[in-house]
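Participant: Chains as they are written, first to last, in our numbering: chain A, 17 to 287; chain B, 17 to 287; chain C, -17 to 377; chain D, -17 to 377. Here you go, one structure.
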Amino acid sequence: MGRIGERFESLGAKNEKTLIVYLTAGDPSLTVTKELIFGLEKAGVDILEIGVPFSDPTADGPVIQAASQRALKTGTTLQGVLDLVADIRQSSQIPILLFGYFNPIFTYGVGKFAKAAQKAGVDGVLVVDLPQEEAQELRIHTDAVGLDFISLVAPTTGKIRLKNIVRNATGFLYYISITGATGTAAPKIDDIARDVSKIRKLTKMPIVVGFGISNAAQAKEIAALADGIVIGSAIVKLIDENRNSSELINIISDYTREIKEALALQRYIVK
Amino acid sequence: MGRIGERFESLGAKNEKTLIVYLTAGDPSLTVTKELIFGLEKAGVDILEIGVPFSDPTADGPVIQAASQRALKTGTTLQGVLDLVADIRQSSQIPILLFGYFNPIFTYGVGKFAKAAQKAGVDGVLVVDLPQEEAQELRIHTDAVGLDFISLVAPTTGKIRLKNIVRNATGFLYYISITGATGTAAPKIDDIARDVSKIRKLTKMPIVVGFGISNAAQAKEIAALADGIVIGSAIVKLIDENRNSSELINIISDYTREIKEALALQRYIVK
Amino acid sequence: MKTLPDENGHFGIFGGRYAAETLMTALLELEEAYGKAQNDKSFAREFDWYRREYAGRPTPLYFARRMTKALAGAKIYLKREDLNHTGSHKINNTLGQALLARRMGKKKVIAETGAGQHGVATATVAALFGMECKIFMGEEDIRRQAPNVFRMKILGAEVVPVKSGTATLKDAMNEAMRYWVGSVRDTFYIIGTTAGPHPYPMMVRNFQSVIGKEIKKQLNKMEGRNPDVLLACVGGGSNAMGTFYAFRNEREVAMFGVEAAGRGLNTTEHSASINGGTVGILHGNKTYLLQDKHGQVRDAYSIAAGLDYPGVGPEHAYFAATKRATYVAVTDAEAVEAFSFLSRREGIIPALESAHAIAYAMKIAPQMKKNKILVICLSGRGDKDAQTIIETNAL
Amino acid sequence: MKTLPDENGHFGIFGGRYAAETLMTALLELEEAYGKAQNDKSFAREFDWYRREYAGRPTPLYFARRMTKALAGAKIYLKREDLNHTGSHKINNTLGQALLARRMGKKKVIAETGAGQHGVATATVAALFGMECKIFMGEEDIRRQAPNVFRMKILGAEVVPVKSGTATLKDAMNEAMRYWVGSVRDTFYIIGTTAGPHPYPMMVRNFQSVIGKEIKKQLNKMEGRNPDVLLACVGGGSNAMGTFYAFRNEREVAMFGVEAAGRGLNTTEHSASINGGTVGILHGNKTYLLQDKHGQVRDAYSIAAGLDYPGVGPEHAYFAATKRATYVAVTDAEAVEAFSFLSRREGIIPALESAHAIAYAMKIAPQMKKNKILVICLSGRGDKDAQTIIETNAL
Ligand SMILES: Cc1ncc(COP(=O)(O)O)c(C=O)c1O
Ligand SMILES: Cc1ncc(COP(=O)(O)O)c(C=O)c1O
C-alpha cells in the first residue's frame, strides 16, 4: 500500500474525512507552487492533487483553463512538475497525485514517465481523458512501478460500466459531483448521496467527491456522504486573486484550514 | 410638301447644305429654349430639332442625358414642348422637328399627339425607339395629319432593311454617323462616305448626317458628303457651360453662325 | 392558348421591339441565330450538358414538411433554384445566352445587374467560355450588394459603375443598352430577365422554362398530378415565367406572380408595375410601367434589389391582362418576416426576392385545403442579403 | 484492407476514445444508436431522401474542360460539393447526425465551427428538424467569417463566442466539448469532421463516403473506369476521407490529401499536421498533431479558416502511416492563385479550403499523361472568402 492508501486508512481509522486539494503546477510559478504546497500541508490537507498544465484542458472550466494557460506561459513542463515533486519529497511525505491530460504524458513517453514519476515520489496519476477503454496504454507502466491509477466515476456512468471501473480501480474512486467541467456548477446533494451509495454497494475502496465544491459548508455536507472531498477551482481562483499579495500563502492556508476543520468536526457527528 | 421638304428644296436649289441643330427643350428652361431658338434662327439654322426630354434616354450619351434630366427637373412635359412650338409659330416659320422617345408620346396618346403637334406647328417627328417594325402605331396618326416621320439609318443597318426604310421614309433620311449613343465618338469620314453613297443609290430624298459632329471643320467635311448635318451634343454642352452667362444667346448664335458659314462656303466648292 | 409572341415579338398589345435603329440588325441576327439554335439538336444537347453537369440541374422539388405543418393548409413544395450554381435561377438563362453568343462568334458579353445575381451568373459563363465581360451596375447597388460585386471581379469581369439616374437597375440597363449601341458588332448583350426588345423576352422565357418542365415531371412522379397553385416572385419576371410557362395551357393550374409592394402600394415606394403601373414603353418593349402621367418612368423601390425595377416582362403584362395569371404584391416587412420564417422552419435562407413568394404563400396556404398542392419557386438563396437584413434590425 | 476502426475505434495505433468519463456513456450510446441505424433500412431511406430532396445530391462530377486544357495534362474532373445546400460537403454529415439525434430523442444540438461552414450546416439541420442549436466559434473566426455568423443567426442558432486560447477552431472545439460535458444528457454534439472520439471519425467518414461512391458511379458511367488520382484538401479530413473511402481497396487509385502549408512548412505558421506534426492525443483521438516537444498543442494557421486545425482525422493518420494515401501541402499563396485560376477558367469560385486541392492539381496535372484521370473534390464554394481575398490584395 502506498502513501495514498495509507492516508485513507489512518484517517478512516479516526473516522475523519480526507481533504484533497488541487492546484495547477506553475501558477503563478513553480517556486510559488512549492511554497503553496508546504502551506497547504501545514493547513492540514491530506492529499495533494497537482495539475500538470495542458494547452487544451477540455474537461476544465474557465478557472483551471486560465491557470493552465498562465502556467504554460511561465514555461511549466511535465519534467518541471516531476522535479518539483522530487524537491518536495526532500522534506514531505504528503501523498501526491498528478492530475492532467494524456498528451503531455504520451509525448514524454509512457514508460519513461511512469518510472520518472515513481522515482520523483509521485503516488498516483489521474488522467482525465484516459477512460478505462484507453487506460491500459498507461497503466501497464504505472501498475508496474506501483503508482495508483485513479479512476473517475461520473453521474452519467452506467451500471455495467461502473462495475468495470470499480473492479479495476486503485487508490480511491473519484466521483465527479456535477455533470460539467471543473468548477462550472454547484453540486446537488441528493444526486451525490444516491450515486455514492450506489458505488458504495460495489466496493470498500475510498470514495471522494470533487468538481464544484467551493466552501466549508458544502465541503462538510458532501464529505458526510463520502470518504473525502476535493477542492479545486475554488483554491485556484483564490491563488489567482491574491497572486500579488505577500499574504498569498497565509490566505490559502487559512481558507484550507477552515475546510479541514469543518471536515474534522464531522467525526463527532453520528452518520 | 411641308416646311421641311421646302427648306431642303430651296437650299438644294442654291446648292447649299442644310444645318440642323438639336437642343433639349426645357434646358435650362422653356423660356430660355425659346430665346435660344430665335437666336439659332437668326444665326442661320435651317431646321430645328427640339428634344423632348425622357427619363430613360437609352440612345443618348452623357451630355444629352444630363440635359434631359435638367429639363425634367424644371418640369418640362410634352405638352409644354408643344405649347412652346405653338408660341414660336406666332413669329417664325422655321421647320421644326420633335426628337424623342416613344413613351411620353404613347402616354400622351398617339392620335391626340399627332393632332396637337400638327396644330402647334410641328413639321416632323423623330422617335429614336420606333424602328420601322413598330412605327405604324404612331405613323397612322402622323401620316394622317401630314407630319413627316423621320427615319434613322445606322451604320449597322443591313441592305434589305435599308431598302425598306428608304421606301417608307418621309421628309429626309437621318444617317447616324457613329455606332454609338449621341455624342460619344467622333465620326469617321470614310465610313460615312461609303454609307451615304449606298443610301444615295436608293433614293433622291435628302440625307443628313448626325451624332458626333462638333465643330465647323467636321461639319464642312461631312456636309460635303450629304445634304445636311445635325449638330446636337456640341450645342447642348455649350448651352450647359454658359447657362449662367448673360451672353448665352450670343455664344450659341456665334457658334452656330460659324458652322453655317462653313457650310455656305461649300456651294462654291466643286464636288 | 396560341403560341406567343408573334413574329414581331408581340404578346397581344405588349412586347415588341422598341429599339434604336443601331441595334435592330443585331436584334434580327440574334432572333435568327436563336431560331437556328432552337432547331439544332446539338444546341439542346450542349445546353443540357451544361445545365446538368455545371449548373447542377435538375434542382429538387422539395416537400417542405415543417412549413406545410406550420401553415396548416395546402401541401407546399419548393422548387430549389437556390441550389443552382451561383445561387439562383439566373444561370439557366446566362448559360443559354452564352452558348448562343459562342455560336454567333461573339467574344465579348455585357450585362446589366441589380442585385448582382445576374451579373455573377453572366461573369460566370463568361469565365466558363473564355469571353470578355463587362457588367453595368448602379453605384447604389454596388454599395448594397458588395459581396456580389466582389464575386464578379474574382470571376474576371469588369464592373462598370453607373452614376446616372438613381444609380440602380434601370439606370444600369440604360447604360448597358447605350454601351451596346456602341459595341453591337462584336458584343453580345446578355439580358437578365424576360424583358428588353424581342427576341429577349421569348428567349429568356424559353431558357427559364426548364423550371416549370421539371416541376411538372417531378410533381407528377411524386403526386401523380399537376399543382393547384404556382407561386413565384416577379421582378422582370424570368423565374416566374420559367415556372409558369410549362403550365400555361393547363387551365386547372392557378398562377400567382408576387410583386414587391415595398413600403406599400399606396406609397410611391414600391416595384409593383402590374399592380401599381400603367402601360408604357421602356427598354425595348411595351408593358406595365411605373410612370408619371407624362410618361416619365418612376424610380422603383424594394428591399429586394432584384425586384427593384419599374417594368415587368411583357408576357406577364399579357398574362395579367388576359387573367391567365394573378399578380399580387407583398411589402418589405412581409418579405423580411417570410425570410426569417423559411430560414427557421426549413433551414433554407431564401433570397429576399424569393421571400416575397414565400410571404404570399404564408397568406394563402392556410386558406387552402390539405389536399391542395402549392408549388413555390425558390428563385435564389439569401446569403447575399445578410447586410440588408442586418440593416432592418430584424434579428 | 480490413475494415477499420476496430471495436474501440482504433485505426492501427490511431483513433480511440480519449474522452472524459462524463462523456463515455454518451459516446457508447451514440455508437450503439449509430450501429442500429446502420442496420435499419428506414434510416438509410430517410437519409437518402434528405440528401436528394433537400441537399441536392447527387452533385455533378464535372469535366473541367478549360482547366484541363490550360494544364495540358491529365483529364480533370471536379466533384461539385460546392453545389450542396449551404455550399459545402458539410451538410452530408450534419444531415446524418441530426437524423441520428432525432432517433435518439435529442432536441438540442451543439457544434464547433471554424470557417463557419459546419456551423451553418448544423444550424440548417437544426432548423430543419426543429432542434435548439448552439454553435461554438472562436472570436477571431467570428470576426473573419462574419457572413457565416450571420447565416447561423438567421437560421435561429445561438453563436457562442469563444475567447480562450487563440480564439479559433481548436478553442471552439474545446469549448464545445466542455459544454457537452455539462449537457450530455439531452444534447447531441454534431462534430464537423472525421475527428473527435470514436465513433465520430467512423461515423462522419461513413456519412461523407457518399462523395466517393458517387464519383465511382459517375466516372464509371462517363469513362468506364476508376480515376487514376483522387485529390482533396485536408482540414480535419472529412471531405478527403469521403472522397477516398469508396476507393480504399482499389490499389490502382492513387490518393492525395492536401494540407495547408500556410506561410510555409519551414515556418510555424501552417496547419499541416501530417507533414509537419507528430503523434499525439487531442479531442478524443490519437493522431498527428502540431505540438511542441512537451506535448502542448500548437496553434495552427492557414488562410483557409476551415483548414486551420492542429490535428487531423485518425484514419488519415493511418492512411499516411500505411502509405495508402500521400499527404502533401500547399501554401497560402499557392491556394490564392488557384482560387483565382479556377474562378477565371471555369467560372467556379472555390472555397479557399478547396483551392488547396486545386493548387496541387495545378502542380501534378501537367506532369500526367493525357489519358490519365484526375478527380478533385471541390469541397465548397468560395463566396464566404471574399473578405479574406480582399485582404490579400490578390485582385
Ligand atoms: C434570386 C432572385 N429571384 C428573383 C429575381 C427577379 O428576377 P426575375 O423576376 O427575372 O426572376 C432576381 C433578380 O436578381 C433574383 O436574384
Ligand atoms: C469548404 C470546406 N472544405 C474543407 C474543409 C475542411 O474540413 P474537412 O477536412 O473535414 O473536409 C472545410 C471546413 O470548414 C470547408 O468548409
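Backbone N, C-alpha and C fix where the C-beta goes; we use that ideal spot for every residue, glycine too.
Any chance the CB of residue 276 of chain C is under 8 Å from a heavy atom of ligand 1?
Facilitator: Translated into positions along the third sequence, residue 276 of chain C becomes position 294. For ligand 1, not one heavy atom lies less than 8 Å from the Cβ of residue 276 of chain C.
Participant: Strictly under 9 Å for the Cβ-Cβ distance: is residue 185 of chain B near chain C by that measure?
Facilitator: Sequence index remark: in the second sequence, residue 185 of chain B carries index 169 (1-based). With 9 Å as the cut-off, residue 185 of chain B does not count as an interface residue toward chain C.
Participant: Taking contact to mean at least 3 C-beta pairs separated by less than 8 Å, is the stretch 111 to 127 of chain A in contact with the stretch 62 to 82 of chain A?
Facilitator: The stretch 111 to 127 of chain A, when compared against the stretch 62 to 82 of chain A, does touch it at the 8 Å Cβ threshold.
Participant: Would you kindly report the start and end of the unbroken beta strand (DSSP E) that includes residue 260 of chain D?
Facilitator: Position 278 of the fourth sequence holds residue 260 of chain D. Start and end: 260 to 264.
Participant: Name all residues in chain order for which at least one heavy atom of ligand 1 lies closer than 5 Å to the residue's CB.
Facilitator: C:70, C:97, C:99, C:175, C:217, C:218, C:219, C:220, C:221, C:288, C:333, C:335, C:361, C:362
Participant: Does DSSP put residue 287 of chain B in a helix, in a strand, or in coil?
Facilitator: As a working mapping, residue 287 of chain B is identified with position 271 in the second sequence. Any answer about residue 287 of chain B is weak, because its pLDDT of 47 lies below 50 and its placement is not dependable; what the coordinates show is given next. Secondary structure at residue 287 of chain B: coil, using DSSP grouped into helix, strand and coil.
Participant: Is residue 40 of chain A near ligand 2, in the sense that its beta carbon is under 8 Å from a heavy atom of that ligand?
Facilitator: Residue 40 of chain A sits at position 24 when you count from the first residue of the first sequence. Judged by the Cβ position, residue 40 of chain A fails to qualify as a neighbour of ligand 2 at the 8 Å threshold, every heavy atom of the ligand being at least this far.
Participant: Are the CB atoms of residue 164 of chain A and residue 195 of chain A nearer to each other than 9 Å?
Facilitator: Counting from one through the first sequence, the residue named residue 164 of chain A turns up at place 148. Counting from one through the first sequence, the residue named residue 195 of chain A turns up at place 179. Their beta carbons are not under 9 Å apart, which means residue 164 of chain A does not touch residue 195 of chain A by this criterion.
Participant: Under the DSSP definition of a beta bridge, which residues are partnered with residue 62 of chain C?
Facilitator: Taking the third sequence and counting its residues from 1, the one referred to as residue 62 of chain C is at position 80. Answer is C:360, bridged to residue 62 of chain C.
Participant: Quick test of your reading: residue 227 of chain D and residue 191 of chain D, contact by CB under 8 Å. State the CB separation rounded to the nearest angstrom.
Facilitator: The sequence position of residue 227 of chain D within the fourth sequence is 245, counting from 1. The sequence position of residue 191 of chain D within the fourth sequence is 209, counting from 1. Correct: roughly 4 Å between the Cβ atoms.
Participant: Relative to ligand 2, is the shortest distance from any of its heavy atoms to the C-beta of residue 295 of chain D smaller than 8 Å?
Facilitator: Within the fourth sequence, residue 295 of chain D is the residue found at index 313, counting from 1. Checking the Cβ of residue 295 of chain D against ligand 2 gives yes.
Participant: Along the beta strand (DSSP E) that carries residue 190 of chain B, what are the first and last residues, could you check?
Facilitator: Counted from its first residue, the second sequence places residue 190 of chain B at position 174. It spans 189 to 192 - the beta strand (DSSP E) in which residue 190 of chain B sits, taken as one unbroken run.
Participant: Is residue 294 of chain C near residue 269 of chain C, with beta carbons less than 9 Å apart?
Facilitator: Looking up residue 294 of chain C in the third sequence gives position 312. Looking up residue 269 of chain C in the third sequence gives position 287. Result yes, Cβ atoms of residue 294 of chain C and residue 269 of chain C sit closer than 9 Å.
Participant: Can you find the residues in the same chain that come closer than 8 Å, C-beta to C-beta, to residue 353 of chain D, ignoring five residues on each side of it along the sequence?
Facilitator: Here the question's residue 353 of chain D lines up with position 371 in the fourth sequence. The residues are 57.
Participant: For residue 250 of chain D, decide whether its Cβ has a neighbour in chain A, counting only Cβ atoms nearer than 9 Å.
Facilitator: Counted from its first residue, the fourth sequence places residue 250 of chain D at position 268. No - not a single Cβ of chain A is within 9 Å of the one on residue 250 of chain D.
Participant: Can you list, in chain order, the residues of its chain with a C-beta nearer than 6 Å to that of residue 302 of chain C? Leave out the 5 residues immediately preceding and following it.
Facilitator: As a working note, residue 302 of chain C is residue 320 in the third sequence. For residue 302 of chain C, same chain residues with a beta-carbon under 6 Å away, outside a window of 5 residues either side, are 256, 309 in chain order.
Participant: Chain D partners of residue 81 of chain A, CB-CB under 9 Å?
Facilitator: Locating residue 81 of chain A in the first sequence gives position 65, where the first residue counts as 1. By Cβ distance, chain D contributes 146, 147, 156, 160.
Participant: What did DSSP end up calling residue 70 of chain A once you bin it into helix, strand or coil?
Facilitator: Here residue 70 of chain A is taken as the residue at index 54 of the first sequence, counted from 1. In the structure shown, residue 70 of chain A sits in coil (DSSP, three-state: anything other than H, G, I, E or B).
Participant: Is it buried or exposed for residue 233 of chain B, if we count other Cβ within 10 angstroms and need 16 for buried?
Facilitator: On the second sequence, residue 233 of chain B is found 217 positions in, with the first residue counted as 1. Exposed, since its Cβ has fewer than 16 Cβ neighbours within 10 Å.
Participant: Using a C-beta to C-beta distance shorter than 7 Å, which residues of chain C count as neighbours of residue -15 of chain D?
Facilitator: Here residue -15 of chain D refers to the residue found at position 3 of the fourth sequence. Correct list: empty, because the minimum Cβ distance to chain C is about 33 Å.
Participant: What would DSSP say about residue 241 of chain A, mapped onto helix, strand or coil?
Facilitator: In the first sequence, the residue the question calls residue 241 of chain A occupies position 225. Of the three classes helix, strand and coil, the one that applies to residue 241 of chain A here is coil, per DSSP.
Participant: What does residue 112 of chain C reach in chain D if we use C-beta pairs closer than 7 Å?
Facilitator: Position 130 of the third sequence holds residue 112 of chain C. Correct list: 48.
Participant: Compare the C-alpha of residue 115 of chain D against each of D:67, D:121, D:104 and name the closest.
Facilitator: Along the fourth sequence, one-based indexing puts residue 115 of chain D at 133. Looking at the Cα atoms, D:104 is the closest of the given residues.
Participant: For residue 167 of chain B, report the span of its alpha helix (DSSP H) as first-last.
Facilitator: As a first step, residue 167 of chain B must be located in the second sequence, where it is residue number 151. Looking at the DSSP string, residue 167 of chain B is not in any alpha helix (DSSP H); the run it does join, the beta strand (DSSP E), is 167 to 169.
Participant: Against chain E, does residue 357 of chain D count as a neighbour if the rule is that its beta carbon must be under 9 Å from one of theirs?
Facilitator: Annotation note: the requested chain E is absent from the structure, which comprises protein chains A, B, C and D.
Participant: Among D:72, D:11, D:13, which one has its Cα closest to the Cα of residue 461 of chain D?
Facilitator: The structure shown does not extend to residue 461 of chain D, since chain D spans only -17 to 377, so no value can be given for it.
Participant: Do residue 197 of chain B and residue 277 of chain C have their beta-carbon atoms positioned less than 9 Å apart in this structure?
Facilitator: To locate residue 277 of chain C, count along the third sequence from 1; it is residue 295. To locate residue 197 of chain B, count along the second sequence from 1; it is residue 181. Residue 277 of chain C is not a Cβ neighbour of residue 197 of chain B, given a cutoff of 9 Å.
Participant: Listed in chain order, which residues of the stretch 253 to 266 of chain C have Cβ atoms closer than 9 Å to some Cβ of chain B?
Facilitator: Cβ contacts with chain B come from 260, 261, 262, 263, 264, 265, 266.
Participant: I'd like the span of the alpha helix (DSSP H) that includes residue 267 of chain D, first residue to last.
Facilitator: Residue mapping note: residue 267 of chain D aligns to position 285 of the fourth sequence, counting from 1. That residue, residue 267 of chain D, is in no alpha helix (DSSP H); its beta strand (DSSP E) goes 267 to 271.
Participant: Who pairs with residue 332 of chain C in a beta bridge, going by DSSP?
Facilitator: Locating residue 332 of chain C in the third sequence gives position 350, where the first residue counts as 1. BP columns for residue 332 of chain C point to C:363.
Participant: Check whether the Cβ atoms of residue 188 of chain C and residue 63 of chain C sit closer than 9 Å, and answer yes or no.
Facilitator: As a first step, residue 188 of chain C is located in the third sequence; it is residue number 206 there, counting from the start. As a first step, residue 63 of chain C is located in the third sequence; it is residue number 81 there, counting from the start. Not in contact: residue 188 of chain C and residue 63 of chain C (Cβ atoms no closer than 9 Å).
Participant: What are the boundary residues of the alpha helix (DSSP H) that residue 92 of chain C is part of?
Facilitator: Here residue 92 of chain C corresponds to residue number 110 of the third sequence, with the count starting at 1. Run containing residue 92 of chain C: none in the alpha helix (DSSP H); it sits in the beta strand (DSSP E), 90 to 95.
Participant: Using a Cβ-based criterion (distance less than 8 Å to any ligand heavy atom), does residue 366 of chain C qualify as near ligand 2?
Facilitator: The residue given as residue 366 of chain C occupies position 384 in the third sequence. No, the beta carbon of residue 366 of chain C sits no closer than 8 Å to any heavy atom of ligand 2.
Participant: Around the C-beta of residue 87 of chain C, are 16 or more other C-beta atoms found within 10 angstroms, so that it is buried, or is it exposed?
Facilitator: For the purposes of this step, residue 87 of chain C is identified with residue 105 of the third sequence, where counting begins at 1. Its Cβ having fewer than 16 others within 10 Å, residue 87 of chain C is exposed.
Participant: Comparing the C-beta of residue 301 of chain C with each C-beta of chain D, is any distance below 9 Å?
Facilitator: Counting from 1 along the third sequence, the entry for residue 301 of chain C is found at position 319. Not one chain D Cβ lies under 9 Å of residue 301 of chain C.
Participant: At a cut of 8 Å, does the stretch 196 to 213 of chain A reach the stretch 76 to 87 of chain A through at least three beta carbon pairs?
Facilitator: yes
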